[in-house]
Structure formats: C-alpha cells, structure tokens
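Numbering (this note's numbering), first residue to last: 12 to 529.
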Amino acid sequence: MVQTIKVIIFQMKKYKKLWLTKLIHICTRGIEHSPESPGPPDPPSKSNNHINLAQKYDGKLLLRNEIHLNDECFSKLLERQLFTAHASFVRTLFTKRCVRCNNEKRSLIGYFPCAKCRITHAYCRNCIMMGRVSKCEQLYEWTGTNYPWKKHEQACTWKGELTFAQNQAANEVKLAVKKQTEQLVWAVTGAGKTEILFKGIELALSQGKRVCIATPRADVVRELLPRIQRAFAKIPVQGLYGKSRDREGTSQLIISTTHQLVRFSNAFDVIIIDEIDAFPYHHDQSLQFATNRAAKRSSTKIYLTATPRQNLKYKLSTNQLPHCFVPIRYHGYPLPVPKHISDYSLAKQLDAQLLPKSFVNWLQNRKKEERQLLIFVPTIHLAEQLRAEVSNVLIRKKQITNKLTVASVHADDKLREQKIQLFRQKKLYALITTTILERGVTFPSIDVVVIQANHKVFDEAALVQIAGRAGRNKIDPTGEVLFIHDGKTNAIARSITSIKQMNQRGKRLLLTVGEEIK
Ligand SMILES: [Zn+2]
Ligand SMILES: [Zn+2]
Numbered sequence: 012m013v014q015t016i017k018v019i020i021f022q023m024k025k026y027k028k029l030w031l032t033k034l035i036h037i038c039t040r041g042i043e044h045s046p047e048s049p050g051p052p053d054p055p056s057k058s059n060n061h062i063n064l065a066q067k068y069d070g071k072l073l074l075r076n077e078i079h080l081n082d083e084c085f086s087k088l089l090e091r092q093l094f095t096a097h098a099s100f101v102r103t104l105f106t107k108r109c110v111r112c113n114n115e116k117r118s119l120i121g122y123f124p125c126a127k128c129r130i131t132h133a134y135c136r137n138c139i140m141m142g143r144v145s146k147c148e149q150l151y152e153w154t155g156t157n158y159p160w161k162k163h164e165q166a167c168t169w170k171g172e173l174t175f176a177q178n179q180a181a182n183e184v185k186l187a188v189k190k191q192t193e194q195l196v197w198a199v200t201g202a203g204k205t206e207i208l209f210k211g212i213e214l215a216l217s218q219g220k221r222v223c224i225a226t227p228r229a230d231v232v233r234e235l236l237p238r239i240q241r242a243f244a245k246i247p248v249q250g251l252y253g254k255s256r257d258r259e260g261t262s263q264l265i266i267s268t269t270h271q272l273v274r275f276s277n278a279f280d281v282i283i284i285d286e287i288d289a290f291p292y293h294h295d296q297s298l299q300f301a302t303n304r305a306a307k308r309s310s311t312k313i314y315l316t317a318t319p320r321q322n323l324k325y326k327l328s329t330n331q332l333p334h335c336f337v338p339i340r341y342h343g344y345p346l347p348v349p350k351h352i353s354d355y356s357l358a359k360q361l362d363a364q365l366l367p368k369s370f371v372n373w374l375q376n377r378k379k380e381e382r383q384l385l386i387f388v389p390t391i392h393l394a395e396q397l398r399a400e401v402s403n404v405l406i407r408k409k410q411i412t413n414k415l416t417v418a419s420v421h422a423d424d425k426l427r428e429q430k431i432q433l434f435r436q437k438k439l440y441a442l443i444t445t446t447i448l449e450r451g452v453t454f455p456s457i458d459v460v461v462i463q464a465n466h467k468v469f470d471e472a473a474l475v476q477i478a479g480r481a482g483r484n485k486i487d488p489t490g491e492v493l494f495i496h497d498g499k500t501n502a503i504a505r506s507i508t509s510i511k512q513m514n515q516r517g518k519r520l521l522l523t524v525g526e527e528i529k
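Structure below.
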C-alpha cells in the first residue's frame with residue numbers, strides 16, 4: 012500500500028515537472044508585454060529567454076503590468092496556480108487597507124474615475140510612486156517552485172583585515188545568520204560597518220541563501236553598490252532604487268531602498284536594514300511593513316545604526332534585542348568632537364544674505380585649509396542663497412580662485428548625483444547641503460560646519476551623523492566640526508555628550524585589548 016502511494020506521488024511529481032518545463036519554455040520563448048503594460052518592452056535579447064520564471068518572480072508581489080508575460084501565457088500560469096492573485100484592497104472596520112503597502116489612512120486613499128471599469132474607485136496614494144494600486148487591479152504572487160539559489164563557496168573576495176571591534180561584531184552577525192535570529196549592530200559613524208557584514212553574507216551565500224541590504228536612501232544604494240560588488244566579485248549584485256537601471260531584482264545579493272521592497276514578499280533569507288533610525292524608514296510604518304514582508308518567515312534580520320533612537324535604546328537595555336557595539340572607528344582615532352559657537356546676530360545676518368561673522372572668523376583660523384568644506388543648512392532656500400556669499404568669502408580669503416568650485420545641493424536638485432561625485436573627486440572645494448548628506452556618504456578629507464544648528468531639522472541623531480562625516484579616512488583621520496547657532500538646543504548638547512561618551516567607550520575597549528590610543 013505504502014509502495015503504491017509512493018509510486019503515485021513519484022508519477023505526479025514527474026508529470027508536474029514535465030509540464031512546468033514545457034510551460035516555462037513556452038513563456039520564455041517569446042516574452043512579450045501585456046498590451047496594458049506602460050513600461051518599455053524588454054529587448055528581445057538572448058539572455059532574456061534564459062531567465063527562469065522562478066528566478067524572476069519568486070519572492071515578488073507585483074501588479075499585472077510589472078509581469079512581462081503575454082496574456083495567454085500569464086493566464087495559463089494563473090490557472091496552474093504558479094501565480095496567485097490577491098485583492099489589492101481589503102476592507103477594515105472603518106476604512107480599507109492597501110495590501111501592497113499596508114496603508115489605511117483615509118487621507119492617503121484617493122478616488123479616480125477608472126476608464127477600464129467606468130466607475131470611480133479607490134487607489135492608494137501612499138505607494139503611488141511604485142505604480143498605481145487601484146481597487147480593480149490585483150496583486151500577483153509567484154506560488155510555483157521556489158528558485159534554488161546557488162551555493163557559493165568563499166564568495167567574499169575582500170582581502171582587508173578587520174579590527175578587533177569589527178571582528179567581534181562580524182562574528183555576532185555570522186552567528187545570527189547561522190541561527191536565523193535578529194541582531195542589532197550599533198556602530199559609531201566611520202566604524203566600517205559594511206565590512207562587518209561580509210562574514211555573515213559569505214556564510215549566507217555558501218548556504219544558498221538570498222540576501223538583501225535595505226537602506227532608506229538611494230544615495231546610499233549608489234555608494235554601497237560598487238563596494239559590495241568588489242567584495243563579492245564573482246556574484247552579480249543588483250542595486251534597486253527609483254532611477255536604477257536594474258529593475259527586476261533577480262540577483263541573489265541585492266541592495267535596495269526600503270521603498271522598492273514593496274514589490275517583494277517572502278523573498279530574503281537574510282535582510283540587513285541599514286540606518287534603522289533614519290528618515291523616512293523610522294517615520295514610515297509602511298516601509299517597516301514592506302521590509303518585514305520581504306523577509307522570509309524564518310530569516311535573519313540584521314539592523315544597523317550609529318544613532319539608535321530612544322525606543323531602541325530601551326529595547327537594548329531590557330535585553331529585548333540582541334546587540335553588539337562597535338565604539339571605535341576602523342582607523343582607531345576617536346570621533347571628532349564638535350565645537351559650538353553662539354552667534355546671536357545669526358538670524359539677522361542670514362536675513363541680509365550674509366554669512367555669519369562667527370563662520371568667517373573660523374574660516375581664518377582653520378587648522379588645515381586644504382580640507383574641503385561641507386556646510387549644512389536647514390533649508391533649500393538657505394543652501395541656494397548662501398552659495399554666492401560662500402564663494403565670495405573664500406575668494407577674498409584666497410582659499411579658492413574659481414567661484415564655480417562652490418556648489419549647493421538638496422533633495423530636489425536634478426544635478427544632485429553629479430555634484431556629490433564632483434565633491435568626492437575634489438573638483439568642488441565647498442558644498443552647501445541640506446540634511447540629505449547627513450549620513451551614508453564618505454568624503455576623504457573635510458571640515459564640517461552646521462549653520463543654524465539649533466533649527467528643528469537638526470535633531471540629536473542628525474547632528475551626531477553630520478559630525479560623523481569628518482575624519483573618516485585614515486589619510487586624514489581627524490577633522491573640525493563646528494555648530495553655529497543662536498540658542499543652544501538639547502539636541503546640540505546631547506549630540507556632543509553622546510560623541511564624548513562613545514569616545515570614552517572606544518578608549519576603554521582599546522585599553523582592554525592593549526591597543527594604542529590615538
Ligand atoms: Zn499602497
Ligand atoms: Zn477600475
């Protein structure tokens with residue numbers, strides 16, 4: 012009897028496999044766009060035909076126009092339950108909820124006259140930038156065979172060496188990957204947290220696991236992508252963000268903005284969430300929802316932060332979340348401690364479109380004029396307004412000869428990427444920025460100034476992060492940090508205290524392991 016059942020099961024599996032192979036062959040033979048698809052069709056290259064359907068769609072939750080298969084093929088896959096359709100909205104007690112991003116705020120649910128249904132119905136405004144989820148559209152999840160990701164032996168090609176503190180944290184991350192648990196890495200700015208991840212990622216890849224590094228900002232994806240690709244040279248790494256060339260997310264190792272994760276479901280065995288305290292991840296419940304859903308039910312979650320918020324600190328102090336602490340930068344030098352200057356005519360001077368006198372005085376007495384200047388201001392308006400004045404003053408002080416070597420940058424700036432790149436290449440001497448550059452970016456040798464540091468956009472975490480932009484490179488491991496304000500806020504006081512405390516902990520660690528204190 013048992014034998015007969017086994018034979019029947021074997022036959023069924025064989026039939027299913029044969030059928031699946033045939034269907035995949037039909038579907039990939041001529042991948043076409045559905046007529047509704049607004050996106051450009053994939054070029055009919057040979058490689059397209061080789062993309063396995065499971066590799067492309069396993070772990071995704073997509074709108075129909077994001078599935079690039081013709082209608083005939085797609086309905087066959089649906090019929091055979093290789094895709095499963097989900098309603099895009101579900102009713103709640105008082106309103107409705109978007110299934111893709113979990114939004115149920117009435118103010119973020121809009122209504123539009125649908126040309127297809129010829130009635131007015133709901134759509135989600137919260138996740139509209141990822142394509143419109145409307146009531147008559149369904150979401151499709153791949154429910155066919157899971158894609159068997161490759162097991163890579165010794166995938167890490169990075170040949171650098173970890174410091175004692177980095178190594179301790181790297182071992183904790185590796186253990187969390189092995190045990191499929193959660194782990195928080197609290198590492199000071201410039202601790203080298205990317206390298207701390209390598210051992211864990213290597214272990215995951217050796218076990219055929221799929222890994223995602225998620226970060227709230229596209230700038231960080233762009234910066235991390237080449238570094239991760241160099242460290243795992245044999246494995247294709249994809250970077251997903253709003254304007255990225257890679258759109259599919261079909262790699263085993265992915266770096267993604269948290270926004271892009273709304274297209275994933277039950278996809279990753281290891282998910283590393285960078286800067287969990289950062290905007291917009293920290294404020295946006297739907298990003299946290301998307302990130303959690305993108306992880307498999309049993310998975311490893313690694314959280315990274317340099318500036319944990321109060322609720323997270325509470326979780327750590329009550330042992331609700333395992334964590335490790337890296338209190339020292341990778342080059343062993345302490346964090347630059349910011350100086351703060353009260354300038355009570357600050358508002359008046361800024362209103363008159365003048366640079367604060369305190370700033371001009373400081374410029375004259377800088378320790379190293381060859382360092383570039385990164386100047387933070389609270390608003391786009393101020394960033395643009397101060398650019399001319401900064402270049403005038405620098406020319407007068409003979410620190411620059413060409414006013415074009417001063418630029419301003421902000422979130423809406425179309426040349427944002429180019430300007431950051433020019434600053435990195437030292438083709439710009441000074442860059443005036445809003446908080447968009449407060450974290451996730453590294454420049455080799457800079458001094459940092461915050462003008463109007465008492466503005467509400469500069470909270471404690473922002474100021475610690477901003478100060479952390481200085482002295483990151485071992486070629487110039489120190490740097491000056493100046494906060495100019497017209498009324499010292501708690502955020503200013505707490506950020507300076509917190510940096511000093513980190514330096515104390517770093518010193519203690521170096522004493523324990525008998526390393527030199529710099
Ligand atoms: Zn939504
Ligand atoms: Zn409709």
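Beta carbons: idealized from backbone N, C-alpha and C, even for Gly.
Treat the numbers as computed from the prediction; the structure is a model and nothing was measured.
Any heavy atom of ligand 1 closer than 7 Å to the CB of residue i?
i, result
"valine 144", "yes"
"arginine 450", "no"
"arginine 256", "no"
"asparagine 114", "yes"
"cysteine 167", "no"
"arginine 308", "no"
"arginine 304", "no"
"arginine 111", "yes"
"cysteine 84", "no"
"cysteine 135", "yes"
"cysteine 223", "no"
"cysteine 138", "yes"
For ligand 2, I want to know if residue i counts as a neighbour, meaning its beta carbon is within less than 7 Å of at least one of the ligand's heavy atoms.
i, result
"histidine 342", "no"
"lysine 190", "no"
Which same chain residues, not among the five before or five after residue i, have their C-beta less than 6 Å away from its C-beta?
i, result
"glycine 142", "Leu74"
"isoleucine 212", "Val222"
"glycine 50", "Because the pLDDT at glycine 50 is just 37, under 50, the model does not fix this residue reliably, and the value given afterwards should be weighed accordingly. Closer than 6 Å at the Cβ level, and outside the excluded window around glycine 50, lies no residue."
"serine 419", "Ala394, Glu395, Arg398, Ile443"
"tyrosine 26", "With a pLDDT of only 49 at tyrosine 26, under the threshold of 50, the placement of this residue in the model should not be trusted; the figure read from the coordinates follows. Counting only Cβ-Cβ distances below 6 Å, and skipping sequence neighbours, we find nothing."
"valine 337", "Ala176, Ala180, Ala198, Ala202"
"threonine 453", "Arg483"
"leucine 136", "Reading off the sequence, residue 136 comes out as arginine, not leucine. Only Leu119, Gly121 meet the Cβ criterion."
"glutamine 263", "Trp160, Arg221"
"isoleucine 462", "Val388, Ile495"
"threonine 32", "Bear in mind that a pLDDT of 48 at threonine 32, under 50, signals an unreliable position, so the number given afterwards is only what the model happens to contain. Taken in chain order, the list of residues that qualify is empty."
"leucine 93", "Gly155"
Using C-beta distances below 8 Å, list every residue in its chain close to residue i, excluding the 5 sequence neighbours before and after it, in chain order.
i, result
"valine 524", "Phe175"
"methionine 140", "Gly253, His270"
"asparagine 501", "Glu471"
"lysine 350", "Glu491, Val492, Leu493, Phe494"
"isoleucine 391", "His421, Ala422, Asp423, Thr445"
"leucine 251", "Val232, Asp257, Arg258, Gly260, Ile265, Ile266, Ser267, Thr268, Gln271"
"asparagine 182", "Lys210"
"asparagine 403", "Lys414"
"alanine 133", "Phe100, Lys107, Ile120, Gly121, Tyr122, Ser145, Lys146"
"leucine 522", "Ile528"
"lysine 438", "Thr416"
"glutamine 321", "none"
Whose C-beta lies closer than 7 Å to the C-beta of residue i among residues of the same chain, with five residues either side of it excluded?
i, result
"alanine 215", "Val188, Val222, Asp280, Val281"
"proline 488", "His342, Tyr344, Gly482"
"lysine 185", "Lys210, Gly211, Leu214"
"lysine 326", "Leu332"
"lysine 518", "Ile528"
"methionine 513", "Val199, Pro338, Leu346"
Who does residue i pair with in a DSSP beta bridge?
i, result
"glycine 219", "Answer is none; glycine 219 lacks a bridge partner."
"arginine 108", "Val101"
"histidine 132", "Phe123"
"alanine 441", "Leu384, Val417"
"aspartate 82", "DSSP output for aspartate 82 lists no bridge partner at all."
"phenylalanine 275", "Lys71"
"tryptophan 153", "Phe94"
Using 8 Å as the cut-off, can you tell me whether the segment 275 to 294 makes contact with the segment 306 to 320, which would need three or more C-beta pairs spanning the two stretches below that distance? yes
Lining residues of ligand 2 - beta-carbon closer than 5 Å to any non-hydrogen atom, in sequence order: With the cut-off at 5 Å, the residues found are Cys125, Lys127, Cys128, Cys147.
Does the segment 149 to 168 come within contact of the segment 283 to 303, defined as at least 3 CB pairs closer than 8 Å? no
Taking one C-beta from the segment 195 to 211 and one from the segment 364 to 375 each time, how about it: are there three or more such pairs within less than 8 Å? no
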